[in-house]
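Taking the working numbering, the leading residue of the sequence shown gets 34, the next gets one more, and so forth. C-beta: ideal position from N, C-alpha, C; glycine also. Here's the structure, in structure tokens; my notes come after.
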Amino acid sequence: MLHQSDEIYAAVIGLRTVRRFLPQPIGEDDLIDIIEAARWTGSSKNRQSWSFIVIRERDQLDRLAECGDFTVPIRNAPLVVAPVQHPDGYEWDMGRVAQNIMLAAAAIGVGSCPITLHREDCARRALSVPDDHACRYVVALGYPDLDAETAGRAASPMGGRKPLDELVRYERFS
Ligand SMILES: Cc1cc2nc3c(=O)[nH]c(=O)nc-3n(C[C@H](O)[C@H](O)[C@H](O)COP(=O)(O)O)c2cc1C
34 MLHQSDEIYA AVIGLRTVRR FLPQPIGEDD LIDIIEAARW TGSSKNRQSW SFIVIRERDQ
94 LDRLAECGDF TVPIRNAPLV VAPVQHPDGY EWDMGRVAQN IMLAAAAIGV GSCPITLHRE
154 DCARRALSVP DDHACRYVVA LGYPDLDAET AGRAASPMGG RKPLDELVRY ERFS
């Protein structure tokens, strides 16, 4: 099938999580490009009821890593973006922000992994976020360590997707 942009389609379909990063910091220009993509995310009623916390200090990253159960990518990452949902914001919009961050990052050669902070109070404390704001999910970012990533994926193959006919229903659920 011919798409208007095969490149964009391939990027959307091909986005995979990266959990192993090179130690080098993310360049300022790359960071701004990623944050710009977050800023331009569409939101319900165009409220944009969110803030984006950029975390680069190792102490802060390690503190944040304590707040979830599967946070090794944060320990590996030079940078995390924590999208914070304000009280009048919507969860759906925050998912869109995360996906935009990840797609924009991939476009400029930066790998990413969404991370769950299962202990949200811990995350709020670490980031000084008010109680009525949400920050349950963050995105770990860094330039991919391709060798380690390939080896890691081979060791725990979790990828792939369910087939379309298992997922799609037409007109009604049943
Ligand atoms: C809401 C959400 C939370 C996630 N939380 C974590 C996490 O805490 N730790 C982690 O290593 N991966 C996390 N992931 C990444 C998923 O495991 C990953 O998207 C899934 O396995 C598919 O990976 P693939 O796109 O590379 O095939 C999360 C993904 C989503 C969408």
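Remark: C-beta atoms of histidine 166 and valine 117 approach each other more closely than 8 Å. Look at which beta carbons fall closer than 6 Å to any heavy atom of ligand 1; those residues are Arg49, Thr50, Arg52, Gly101, Phe103, Pro106, Cys146, Pro147, Ile148, Thr149, Tyr170, Met191 and Gly192. In the assembly as shown, methionine 127 is a buried residue. Its beta-carbon has 16 or more other beta-carbons within 10 Å. For tyrosine 170, the uninterrupted beta strand (DSSP E) segment begins and ends at 170-175.
Spatial neighbours of proline 120 in its own chain (CB-CB distance under 6 Å, excluding positions within 5 residues in sequence) are listed in chain order as Asp165. For valine 130, the three-state secondary structure derived from DSSP is helix.
With distances taken between CA atoms, proline 163 lies nearest to Asp154 out of Ser145, Asp154 and Gly122. Judged by DSSP in its simplified three-state form, cysteine 155 adopts helix.
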